[in-house]
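S.K.: The sequence shown begins at 11 in the numbering used here and counts up one residue at a time.
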Amino acid sequence: MASAVDALRLSMSYLEEVEQRFDELDSGDGSLAQQLSRTLDLAKKQIELAEQLDPNVAIEEYNLPEARLKYHYWRAGLKSSAFKDNAGAIEHLSSALAIDESFAPTHFMLAQCYAASGRKSDALVHARRAVELDSENMEYRKSLDRLENVSGAALQLGTFRGSWKVLLVLAGLTLLFTIGGFGSGQALFGIVCLLVGGGVTYAYWRWKHR
11 MASAVDALRL SMSYLEEVEQ RFDELDSGDG SLAQQLSRTL DLAKKQIELA
61 EQLDPNVAIE EYNLPEARLK YHYWRAGLKS SAFKDNAGAI EHLSSALAID
111 ESFAPTHFML AQCYAASGRK SDALVHARRA VELDSENMEY RKSLDRLENV
161 SGAALQLGTF RGSWKVLLVL AGLTLLFTIG GFGSGQALFG IVCLLVGGGV
211 TYAYWRWKHR
């Protein structure tokens, strides 16, 4: 029967595997993302087993809180980088912060996720905290500097992942039919075109905005 120490060691090994191979995701290999996701599932299973067997288990400087933190951190990284799920990443990063608020990489990744979602004020809070915790990290400092020098509107536009051509066509047709309706004396038709066309245009913007 596995002991709590065995389970914790195994979880640590799984998490180290994810960390070592994470940068390979830049190659766009979708199968690797799925593989790392399954590895994280296995890590989580071992963490839960270790906690069930001995909630206070620890190996040298490695313990259950650290294992849970790293699980949430790498799960967030995978969701954000490979699956473009910033909302899911933010949820896991919030769980990581609840375990240890002083882990600078968590704040840095949160800043990136909030920035990618167009939420500049939230991004700035965590970018500043990351620099506060690790002021010698130039990557953190550059990220903060960029955020402080970009407008909220530019950040919102930068997170649009749809087709500008489609968006402009939708907006143009809405304007055309609305003006045509009012111009021909059919005010009700013009109002309907404005509401429906505007709604479709906005829905497309929100769908392709992350």
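Glycine included, every Cβ here is placed at the ideal spot set by N, Cα and C. All values reported here derive from a predicted model rather than from experimental measurement.
What three-state label does DSSP hand A92 in the structure shown?
M.R.: A92 falls in the coil class under three-state DSSP.
S.K.: Return the CA-CA distance between A5 and S105, expressed in angstroms with no decimal places.
M.R.: An answer regarding residue 5 cannot be provided, because it is not within the stretch 11 to 220 covered by the chain.
S.K.: Considering only the beta carbon of each residue, do A140 and L157 sit closer than 8 Å?
M.R.: No, Cβ-Cβ distance for A140 and L157 is not below 8 Å.
S.K.: Classify A14: buried if its beta carbon has 16 or more other beta carbons within 10 angstroms, exposed otherwise.
M.R.: So A14 ends up on the buried side.
S.K.: Report back the beta-carbon spacing between I69 and R19 to the nearest angstrom; my notes put them in contact at under 8 Å.
M.R.: Correct: roughly 6 Å between the Cβ atoms.
S.K.: Only counting the same chain, and skipping five residues up and downstream in sequence, which positions put a Cβ closer than 7 Å to that of N96?
M.R.: Excluding residues within five positions, the ones whose Cβ falls inside 7 Å are S90, C123, A126, S127 and R220.
S.K.: In this structure, does DSSP put A12 in helix, strand or coil?
M.R.: Of the three classes helix, strand and coil, the one that applies to A12 here is coil, per DSSP.
S.K.: Following the continuous alpha helix (DSSP H) through S3, name the residue where it begins and the one where it ends.
M.R.: Summary: the structure shown does not reach residue 3, with the chain confined to residues 11 through 220, and so no result is reported for it.
S.K.: Check for me: the alpha helix (DSSP H) holding F239 runs from which residue to which?
M.R.: Outside the shown range of the chain, which is 11 to 220, sits residue 239, and nothing can be said about it.
S.K.: Of the residues V179, L107 and A53, which one's Cα is nearest the Cα of G208?
M.R.: Residue V179 is the option with its Cα nearest to G208.
S.K.: Under 8 Å Cβ to Cβ from L103, same chain only, skipping five residues before and after it: list those, please.
M.R.: Cβ neighbours of L103 beyond the five flanking positions: H82, Y83, A86, T116, M119, L120 and C123.
S.K.: For the putative contact between A114 and Y72, defined by C-beta atoms under 8 Å, what is the C-beta separation to the nearest angstrom?
M.R.: Not really, about 19 Å apart at Cβ, beyond 8 Å.
S.K.: Using a Cβ-Cβ cut-off of 8 Å (strictly less than) and excluding sequence neighbours within five positions of L107, which residues of its own chain qualify?
M.R.: Within the same chain, L107 has close Cβ partners F113, T116, H117 and L120.
S.K.: How many whole angstroms separate the CB atoms of A99 and A43, which I take to be in contact at a CB cut-off of 8 Å?
M.R.: About 13 Å separates the two Cβ atoms, so there is no contact after all.
S.K.: Taking the alpha-carbon positions, what's the K80 to L134 distance?
M.R.: Cα to Cα, K80 sits roughly 23 Å from L134.
S.K.: DSSP beta-bridge partners for Y150?
M.R.: Answer is none; Y150 lacks a bridge partner.
S.K.: Kindly list the residues whose CB is nearer than 7 Å to the CB of L204, restricted to its own chain and excluding five residues on each side of it in sequence; keep chain order.
M.R.: The residues are T184 and T188.
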